[in-house]
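Below you'll find the structure, written out as structure tokens, and then a few comments.
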């Protein structure tokens, strides 16, 4: 397996030095009526609504009050009186003055990363340095990168160097350009009794190093793992729960699928025994489904299903259930996947309208069959000392069989908001002293990561 660590953090979306800004390559102008502003960047010209610029200004801070919230403003739009460039390179600003007396200095790097979302490109480039949208991986194309435990916990690193390694590691888990799974190597020997008792475990230690915190279970408490074992008291969890019944095949699934908001990052550590574990890329399976049965693709995206379980190993039964579709799109899009949710073992039935039921059921069956193909389902032998961490939103994990017993696997998870808060904090820290922090507050995470790359 290739090593994760590189001497330089690579671009998150394929952008190169062409996106570096220089004074000679930028310009601006307003239209005749002042309701549009065009900015010429090194890689192309983009036209913005002058009203959007007015709404987005952060010179007086990122927070709005009852007077400055854009939804409270008059419906009549403001117009630009003047625009000009100031400064140079990544310190350059677009200086805008409006007819209501307000003015603002927009950092040019901020404006460039936002342009792709909210502006219109005036001339489409003949060639682009952007990487095409990720469509997942198949078994033949997958490379699982390795991260050394020693690098994450080295005492020879200062905080900035450590943050660089952590940011690079999180990139490999979350960024669409990467498969979304890594293996932690060079782990120290575990304290077997502590691991069995759900405390002081390596999985939690690594995830907290990366993300600062882990999932807090409402009954189990903080920092405690869930253990999947063929013996001792953990084996009693298997009643009615195929996740914990090591004698059963556990089909590829989203962990915590029965929560309204599934966790985003999952780690699983082999403590003892061996098992055949599986991982699949649902994005690749979706592409195959779209190609082979377009009607089933639509039905899969739209059909709601009921997912639930009853846990009886915390004393009083814990009832957990939710309703969702298998595919959740990014806000404002109809074809860009944000998250997959899937758990055949815990899904009870579809909630499709009567006239759509047959097609929805067939779509689920086709999708499942595709994921179980040898081309799509990776099989790995999980041995003692193996620790894998993956993006639970775009990888499904399963267990095909237990080979050697006693077998214990130690699981730990990180919620979506914890993942994003940590990722944002690491990126914001790298921009300190370069971009005023108020401009970063509302910046979407992909654009924030891209802006960091501009200063590399």
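Numbering (the working numbering), first residue to last: -19 to 436. Ideal Cβ placement from N, Cα and C applies to all residues, glycine included.
Buried or exposed: residue 287, going by 16 or more other Cβ atoms within 10 Å of its Cβ?
The sequence position of residue 287 within the chain shown is 307, counting from 1. Burial call: buried.
- prompt: Secondary structure at residue -16, three-state DSSP: helix, strand or coil?
  reply: For this step, residue -16 is matched to residue 4 along the chain shown. With a pLDDT of only 46 at residue -16, under the threshold of 50, the placement of this residue in the model should not be trusted; the figure read from the coordinates follows. DSSP places residue -16 in coil when its eight states are reduced to three.
Candidates 131, 352 and 232: closest to residue 143 by CA position
Working through the chain shown from its first residue, we reach residue 143 at position 163. Checked all of 131, 352 and 232; the closest Cα to residue 143 is 131.
- When DSSP labels each residue in this structure, what does residue 195 get in the three-state scheme? For the purposes of this step, residue 195 is taken as residue 215 along the chain shown, with counting starting at 1. Three-state DSSP puts residue 195 in coil, outside helix and strand.
* **Identified DSSP bridge partners for residue 26** => Within the chain shown, numbered from 1, the residue matching residue 26 stands at position 46. Residue 26 is bridged to 19 and 101.
Local Cβ density within 10 Å of residue 306, reported as buried at 16 or more and exposed below that:
For the purposes of this step, residue 306 is identified with residue 326 of the chain shown, where counting begins at 1. Classification of residue 306: buried, given that the 10 Å Cβ count is 16 or more.
Would you kindly report the start and end of the unbroken alpha helix (DSSP H) that includes residue 344? One-based indexing of the chain shown puts residue 344 at position 364. Segment 337 to 351, the alpha helix (DSSP H) holding residue 344.
TODO: Flag this pair as touching only if the stretch 80 to 93 and the stretch 120 to 134 have three or more C-beta atom pairs under 8 Å; answer yes or no.
DONE: no
Notebook entry, point to check: Between residue 425 and residue 38, what straight-line distance do the alpha-carbon atoms span, to the nearest angstrom?
Noted result: Taking the first residue of the chain shown as position 1, residue 425 is located at position 445. Taking the first residue of the chain shown as position 1, residue 38 is located at position 58. Residue 425 and residue 38: Cα-Cα distance of roughly 18 Å.
Ends of the beta strand (DSSP E) at residue 409?
Stepping through the chain shown from its first residue, residue 409 is reached at position 429. No beta strand (DSSP E) holds residue 409; the alpha helix (DSSP H) holding it covers 396 to 410.
Quick one: residues in its chain with C-beta nearer than 7 Å to the C-beta of residue 422, no 5 flanking neighbours on either side, listed in chain order?
As a working note, residue 422 is residue 442 in the chain shown. 42.
| request: Would you check if there are 3 or more beta carbon pairs closer than 8 Å linking the stretch 356 to 376 to the stretch 161 to 168? | output: yes
Practice item. Kindly list the residues whose CB is nearer than 8 Å to the CB of residue 120, restricted to its own chain and excluding five residues on each side of it in sequence; keep chain order. Key: Counting from 1 along the chain shown, the entry for residue 120 is found at position 140. 355.
Start and end residues, alpha helix (DSSP H) containing residue 428: For the purposes of this step, residue 428 is taken as the residue at position 448 of the chain shown. Run containing residue 428: 425 to 434, per the alpha helix (DSSP H) assignment.
Requested in this report: Let me know the secondary structure DSSP gives residue 8 once reduced to three states.
Outcome: In the chain shown, residue 8 corresponds to position 28, counting from 1. Here residue 8 sits in strand by DSSP.
Check your understanding: Taking just the CA atoms, how far does residue 21 sit from residue 430?
Key -> As a working note, residue 430 is residue 450 in the chain shown. As a working note, residue 21 is residue 41 in the chain shown. Roughly 15 Å between the two C-alpha positions.
TODO: Verify whether the separation of the beta carbon atoms of residue 60 and residue 7 is less than 8 Å.
DONE: In the chain shown, residue 60 corresponds to position 80, counting from 1. In the chain shown, residue 7 corresponds to position 27, counting from 1. No.
- Nearest-angstrom Cα distance between residue 236 and residue 243? Within the chain shown, residue 236 is the residue found at index 256, counting from 1. Within the chain shown, residue 243 is the residue found at index 263, counting from 1. Cα to Cα, residue 236 sits roughly 6 Å from residue 243.
Notebook entry, point to check: Which residues in the same chain as residue -14 place their Cβ atom closer than 6 Å to its Cβ, once the five residues preceding and following it in sequence are excluded?
Noted result: Working through the chain shown from its first residue, we reach residue -14 at position 6. Confidence is the limiting factor: at residue -14 the pLDDT is only 42, short of 50, which leaves the residue's position unreliable, though a coordinate-based value still follows. So no residue of the chain qualifies.
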